[in-house]
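Heads up: the structure comes next, in structure tokens.
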Amino acid sequence: MNSGHQHRIFGRRAQEHILILASGDKVRHMTVRPWMAALAFCFVGVFSIGYLLATSYLVLRDDLIGATMARQARMQHDYEDRIAALRAQVDRITSRQLLDQQVVEDKVDKLMEQQMALTSRHGKLDNLLDRAESSGLTEKDGAPSSPVQSYAPDVKDKRASLTGSGIEAIEKQLASGAPADATPDNSTLAYVPATDTVGDRADRVFSKVTLSLKDVEQDQRSRVEQLTSDAGNAANAIETVLTRFKIPMPETAARKDDDDAVGGPYVAPESNDGFNSSLAALDGALTRLEAVRSTAESLPFRNPAIGKDVTSPFGNRRDPFLGRLALHSGIDFRFSPGERIRPTAPGKVISAGWTGGYGNMVEIDHGNGISTRYGHMSEILVKVGDTVDRNDVIGLAGSTGRSTGTHLHYEVRQNGHAVDPVYFMNAGLKLATYIK
Numbered sequence: 005m006n007s008g009h010q011h012r013i014f015g016r017r018a019q020e021h022i023l024i025l026a027s028g029d030k031v032r033h034m035t036v037r038p039w040m041a042a043l044a045f046c047f048v049g050v051f052s053i054g055y056l057l058a059t060s061y062l063v064l065r066d067d068l069i070g071a072t073m074a075r076q077a078r079m080q081h082d083y084e085d086r087i088a089a090l091r092a093q094v095d096r097i098t099s100r101q102l103l104d105q106q107v108v109e110d111k112v113d114k115l116m117e118q119q120m121a122l123t124s125r126h127g128k129l130d131n132l133l134d135r136a137e138s139s140g141l142t143e144k145d146g147a148p149s150s151p152v153q154s155y156a157p158d159v160k161d162k163r164a165s166l167t168g169s170g171i172e173a174i175e176k177q178l179a180s181g182a183p184a185d186a187t188p189d190n191s192t193l194a195y196v197p198a199t200d201t202v203g204d205r206a207d208r209v210f211s212k213v214t215l216s217l218k219d220v221e222q223d224q225r226s227r228v229e230q231l232t233s234d235a236g237n238a239a240n241a242i243e244t245v246l247t248r249f250k251i252p253m254p255e256t257a258a259r260k261d262d263d264d265a266v267g268g269p270y271v272a273p274e275s276n277d278g279f280n281s282s283l284a285a286l287d288g289a290l291t292r293l294e295a296v297r298s299t300a301e302s303l304p305f306r307n308p309a310i311g312k313d314v315t316s317p318f319g320n321r322r323d324p325f326l327g328r329l330a331l332h333s334g335i336d337f338r339f340s341p342g343e344r345i346r347p348t349a350p351g352k353v354i355s356a357g358w359t360g361g362y363g364n365m366v367e368i369d370h371g372n373g374i375s376t377r378y379g380h381m382s383e384i385l386v387k388v389g390d391t392v393d394r395n396d397v398i399g400l401a402g403s404t405g406r407s408t409g410t411h412l413h414y415e416v417r418q419n420g421h422a423v424d425p426v427y428f429m430n431a432g433l434k435l436a437t438y439i440k
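End of the sequence shown sits at 440 in my numbering; the numbers just go up one at a time, nothing left out.
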């Protein structure tokens, strides 16, 4: 009963639908269930209803496309109006930039004049600074004095000549502010007024640069004046020492010959702003210092045996051979046999050979009536007429002549008379900061 109920509906057996697919010799079949048919019918019905609704919407709302096109047209007109406003703004900004550029160029010309004035001093300052350095000018702490700040960049064009405080710094500072023609983004495309123009920033920047150049010039002046003062003080100190030994000042003779063998057409002097006068004063001070310094370096102010023991000073003493009082005309320093002997100052050899009680002796003339003698050497390494420097070896230590042992007899003579070498060595200690 139950089995018959499953295959019968209202007394009739349900018919199954079979789908047969044939392909060549192969035949396939598929049973179509009722639920499959219902699902396919629902899908087709939904698609048909959606298509009909969409078609009806587009037909009934045909003004949608027109509204969209009108909206796009309005947006296009708005953008064109804003672009025209921006173009007008760019034209105004361009005109303003041209005016600002002219102002900037005028100010650059003024700065160029100041820069060229500083540059023209570079050659003079460079020469004077080299001379000051070679003259050994020092600060209070003994270190070499700081060189005068020279301001002489390479001159190529207006935009490349001002280094340091020049055009590069100007352009950098001009670029650091907000741009005058700030471009709005696409969301606004509105006119954005400039809070600060290039000309306004240029005024501030050029004011700073001008003050910087003035500071450089003032620093140059102060340093030149300081060097002039230092050179004068050093020359005075050297002159004081030379005067004690009655050495004539070299600049006195030079001043007497200033008006000799000179001439030429008269030309109006250059504009004098005071700086050239300070340079001339420094040049004179350095010339004077170089003259007295050269004189001091040519004289025997140094110790011939640094670190050596003094075995016999200058003056009266008991003669080691005769046992009676005698004048010792120099200073004896203890040396080891064969040790090198160097002169205390440059000069010319006027005697080299055996000289009585001196044994093997070398005498060097240093000018200004001053000479030095080096006695008791075991070997002489120079000959008469040789020009020697302080670092040249003139002989080897020994014990020739009237000598009781290896040592150096060092003697200083002025105008033919023996003087105590200690006076010269003490003066050399005072001049140590001024001479090499």
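C-beta atoms are modelled at their ideal positions from N, C-alpha and C, and glycine is treated no differently.
Owing to the predicted nature of the structure, the values given are computational and were not obtained by experimental measurement.
task = Note down, one range per segment and in chain order, each alpha helix (DSSP H) of at least 4 residues found wholly within the stretch 214 to 261.
result = 254 to 260
message = Between which residues of its own chain and G319 is the CB-CB distance below 8 angstroms, once the five residues before and five after are set aside?
response = Numbered from 1 along the sequence shown, position 315 holds the residue referred to as residue 319. Counting only Cβ-Cβ distances below 8 angstroms, and skipping sequence neighbours, we find L331, H332, D424.
task = Evaluate the contact criterion for the stretch 347 to 367 versus the stretch 375 to 393: three or more CB pairs, one atom per stretch, below 8 angstroms.
result = yes
inquiry  = Here's a check: name, in chain order, each residue in its chain whose Cβ is nearer than 6 angstroms to the Cβ of T408, leaving out the five neighbours to either side.
reply    = As a working mapping, residue 408 is identified with position 404 in the sequence shown. Here the set comprises P324.
query = If we count the other Cβ atoms within 10 Å of its Cβ and call it buried at 16 or more, is K111 buried or exposed?
reply = Position 107 of the sequence shown, counting from 1, holds the residue named residue 111. Per the 10 Å Cβ criterion, buried.
ask   = Going by Cα to Cα distance, which pick from I354, M120, G373, I384 is closest to G342?
value = Taking the first residue of the sequence shown as 1, we reach residue 342 at position 338. Checked all of I354, M120, G373, I384; the closest Cα to G342 is I384.
ask   = L122 and E229 look like a contact to me (Cβ under 8 angstroms); what is the Cβ gap, rounded to whole Å?
value = Here the question's residue 122 lines up with position 118 in the sequence shown. Here the question's residue 229 lines up with position 225 in the sequence shown. Going by Cβ atoms, the distance from L122 to E229 rounds to 17 angstroms, so no, they are not a contact pair.
ask   = If we ignore side chains and look at the alpha-carbon of each, how far apart do F210 and S124 end up?
value = For the purposes of this step, residue 210 is taken as residue 206 along the sequence shown, with counting starting at 1. For the purposes of this step, residue 124 is taken as residue 120 along the sequence shown, with counting starting at 1. Roughly 21 angstroms separates the two Cα atoms.
Environment of T370 [buried if 16+ CB atoms lie within 10 Å] = Start at 1 with the first residue of the sequence shown, and residue 370 comes out as number 366. Checking the displayed sequence, the identity of residue 370 turns out to be His instead of Thr. By the neighbour-count rule (16 or more Cβ atoms within 10 Å), H370 is buried.
inquiry  = Out of A239, K212, L129, which one is the CA nearest neighbour of L141?
reply    = To locate residue 141, count along the sequence shown from 1; it is residue 137. Cα-wise, what sits closest to L141 is A239.
key: C-beta atoms of L433 and L286 nearer than 8 angstroms   = Taking the sequence shown and counting its residues from 1, one reaches residue 433 at position 429. Taking the sequence shown and counting its residues from 1, one reaches residue 286 at position 282. No, these two residues do not count as a Cβ contact at 8 angstroms.
task = Pull up the DSSP beta-bridge partners for Y414, would you.
result = Reading the sequence shown from its first residue, position 410 is the one you call residue 414. In DSSP, Y414 forms a bridge with I335, Y378.
inquiry  = Using C-beta distances below 7 angstroms, list every residue in its chain close to F428, excluding the 5 sequence neighbours before and after it, in chain order.
reply    = The sequence position of residue 428 within the sequence shown is 424, counting from 1. Closer than 7 angstroms at Cβ, skipping near neighbours: P304, F305, V416.
query = Can you give, in chain order, each stretch of the beta strand (DSSP E) that sits fully within the stretch 262 to 324 and has at least 3 residues?
reply = 314 to 316, 319 to 322
query = How about G351 and G405: do their beta carbons lie closer than 8 angstroms?
reply = The count along the sequence shown starts at 1 and reaches residue 351 at position 347. The count along the sequence shown starts at 1 and reaches residue 405 at position 401. It is not a contact, given that the beta carbons lie outside the stated cut-off.
key: Option nearest I368 by Cα separation, candidates V108, K387, H380   = Residue mapping note: residue 368 aligns to position 364 of the sequence shown, counting from 1. Of the listed residues, the one whose Cα sits closest to I368 is K387.
task = Please name the residue or residues paired with H21 in a DSSP beta bridge.
result = As a working mapping, residue 21 is identified with position 17 in the sequence shown. For H21, which the question treats as bridged, DSSP gives the partners V36.
inquiry  = From the DSSP secondary-structure annotation, give me the bridge partner or partners of I345.
reply    = On the sequence shown, residue 345 is found 341 positions in, with the first residue counted as 1. The partner list for I345 (beta bridge, DSSP) reads G399.
key: Candidates K312, N372, R322, Y438, of which the one nearest Y414 by Cα   = Walking along the sequence shown from the start, residue 414 turns up at place 410. Selected option, being the one with the closest Cα: K312.
query = Apart from the five residues on each side of it in sequence, which residues of its chain come closer than 6 angstroms, Cβ to Cβ, to G236?
reply = Along the sequence shown, read from residue 1 onward, the residue named residue 236 stands at position 232. If we look at G236 and ignore the five residues flanking it on each side, its Cβ neighbours are A289.
ask   = Can you tell me whether DSSP reads H370 as helix, strand or coil?
value = In the sequence shown, residue 370 corresponds to position 366, counting from 1. The answer is coil: DSSP assigns H370 none of H, G, I, E or B.
inquiry  = Looking only at its chain, what residues have a beta carbon closer than 6 angstroms to the beta carbon of H443, apart from the 5 residues adjacent to it on each side?
reply    = For the chain, the structure presents residues 5 to 440; residue 443 sits outside this window and is missing.
task = May I have the straight-line CA-CA distance separating G334 from P252, to the nearest angstrom?
result = Here the question's residue 334 lines up with position 330 in the sequence shown. Here the question's residue 252 lines up with position 248 in the sequence shown. Approximately 24 angstroms between the Cα atoms of the pair.
request  = Using 10 angstroms around the beta-carbon of F337, count the other beta-carbons present and answer buried if the total reaches 16, otherwise exposed.
outcome  = The sequence position of residue 337 within the sequence shown is 333, counting from 1. The residue in question, F337, is buried, as its Cβ has 16 or more Cβ neighbours within 10 Å.
key: Helix, strand or coil at A136 [DSSP, three-state]   = If you number the sequence shown from 1, residue 136 lands on position 132. Helix.
query = According to DSSP, is T123 helix, strand or coil?
reply = In the sequence shown, residue 123 corresponds to position 119, counting from 1. Note: T123 maps to helix in three-state DSSP.
inquiry  = Output needed for A71: all residues of its chain with C-beta closer than 7 angstroms, excluding positions within five of it in sequence on either side, in chain order.
reply    = As a first step, residue 71 must be located in the sequence shown, where it is residue number 67. Excluding residues within five positions, none has a Cβ falling inside 7 angstroms.
query = How many Å lie between L129 and L90 at the Cα?
reply = The residue given as residue 129 occupies position 125 in the sequence shown. The residue given as residue 90 occupies position 86 in the sequence shown. One C-alpha to the other measures close to 54 angstroms.
task = Starting from V426, trace the alpha helix (DSSP H) both ways and give me its first and last residue.
result = The residue labelled residue 426 in the question sits at position 422 within the sequence shown. 425 to 434 is the span of the alpha helix (DSSP H), which, as asked, contains V426.
key: Exposure of T437, with buried meaning 16 or more beta-carbon neighbours within 10 Å   = On the sequence shown, position 433 is the one that residue 437 refers to. Counting Cβ neighbours within 10 Å, T437 comes out exposed, since fewer than 16 surround it.
inquiry  = For V426 and R225, I'd like the C-alpha separation in whole angstroms.
reply    = One-based indexing of the sequence shown puts residue 426 at position 422. One-based indexing of the sequence shown puts residue 225 at position 221. Between V426 and R225, the C-alpha separation is close to 42 angstroms.
request  = Kindly indicate which three-state DSSP category H354 falls into: helix, strand or coil?
outcome  = For the purposes of this step, residue 354 is taken as residue 350 along the sequence shown, with counting starting at 1. Here residue 354 turns out to be Ile, not His, going by the sequence shown. Looking at I354 - three-state DSSP - the assignment turns out to be strand.
N364 versus S382: straight-line alpha-carbon distance, rounded = By one-based count along the sequence shown, residue 364 stands at place 360. By one-based count along the sequence shown, residue 382 stands at place 378. Whole-angstrom Cα-Cα distance: 7 angstroms.
key: Nearest-angstrom beta carbon gap, I439 and E301 [assumed within contact, 8 angstroms]   = Stepping through the sequence shown from its first residue, residue 301 is reached at position 297. Stepping through the sequence shown from its first residue, residue 439 is reached at position 435. 5 angstroms between Cβ atoms; contact.
request  = Give the C-beta separation of L217 and Q118 to the nearest angstrom, bearing in mind that I take them to be a contact with Cβ-Cβ under 8 angstroms.
outcome  = Along the sequence shown, one-based indexing puts residue 217 at 213. Along the sequence shown, one-based indexing puts residue 118 at 114. With a Cβ gap of about 5 angstroms, L217 and Q118 count as contacting.
Whether V213 touches L115 by CB criterion (8 angstroms) = Taking the sequence shown and counting its residues from 1, the one referred to as residue 213 is at position 209. Taking the sequence shown and counting its residues from 1, the one referred to as residue 115 is at position 111. Yes, Cβ-Cβ distance for V213 and L115 is below 8 angstroms.
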